[in-house]
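Colleague: This structure is in structure tokens; I'll ask about it shortly.
Residue numbers (this note's numbering): 6 to 186.
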């Protein structure tokens, strides 16, 4: 959203603003138009899944959900949520189980959905995990068995970090890949 001009990032720190500007310059006009046209939420009604970047409460604000207190805001739109809402933004694996009046944080380990709860699942990050584990992280959801699997895989951090440096971005952006923050 920031690269495509769909949100204000003037309050970001200088190195982050520079990185966004650099990436915006790398995109073709067609790529930029495609990004601008993406919806804030995708709904897969046939399997009860909603996808959005940050909190589903105020989609265009890209708010984080790190903790039960933030997930609790989703209770105000409980009836609008899919059985599962998959989010990113935090670069962390998180699971929150909701009833109409409660929120419980669950450990990010393999689990099977319970039909009497709704779930907000933060899916991790393939390119820049931020939980001090530098392996790529992601989830797999099997809609037939209603099971979630949390996965970690090694990737070529050296090459990824080298690309960051060759793009003349802040060295810290490359370094953090090695430590997973």
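Don't be surprised by glycine CBs; every beta carbon is placed ideally from N, CA and C.
#1: Within the same chain, show all residues whose beta-carbon is closer than 6 angstroms to that of residue 187, passing over the 5 residues directly before and after it, in chain order.
#2: Since residue 16 and residue 25 are thought to touch, with beta carbons under 8 angstroms apart, how far apart are those beta carbons, to the nearest angstrom?
#3: In chain order, what residues of the same chain lie with their CB nearer than 6 angstroms to the CB of residue 87, ignoring the 5 residues before and after it?
#4: Spatial neighbours of residue 58 within its chain, please: C-beta separation below 6 angstroms, excluding the five flanking residues on both sides.
#5: What's the C-alpha gap between residue 205 and residue 83?
#6: When the distance is taken between beta carbons, is residue 136 closer than 9 angstroms to residue 98?
#7: So, with DSSP's three-state summary, where would you put residue 83?
#8: Does the region 167-174 come into contact with the region 103-120, if we say contact requires no fewer than three beta-carbon pairs (one atom in each stretch) closer than 8 angstroms?
#9: Considering residue 77, what are the terminal residues of the alpha helix (DSSP H) in which it resides?
#10: For a test of the three-state rule: what should DSSP assign to residue 169, helix, strand or coil?
#11: Which residue or residues does DSSP assign as beta-bridge partners of residue 67?
#12: When you compare only the Cα positions, how much space is there between residue 38 and residue 74?
Modeller: Taking the structure as given:
#1: The requested residue 187 is not part of the displayed model; the chain covers only 6 to 186.
#2: Actually they are not in contact, since the Cβ atoms of residue 16 and residue 25 sit about 12 angstroms apart, beyond 8 angstroms.
#3: 53, 54 and 55
#4: Within the same chain, residue 58 has close Cβ partners 67, 93 and 94.
#5: Summary: the structure shown does not reach residue 205, with the chain confined to residues 6 through 186, and so no result is reported for it.
#6: yes
#7: Looking at residue 83 - three-state DSSP - the assignment turns out to be helix.
#8: no
#9: Segment 73-77, the alpha helix (DSSP H) holding residue 77.
#10: helix
#11: None, per the DSSP bridge assignment.
#12: 36 angstroms
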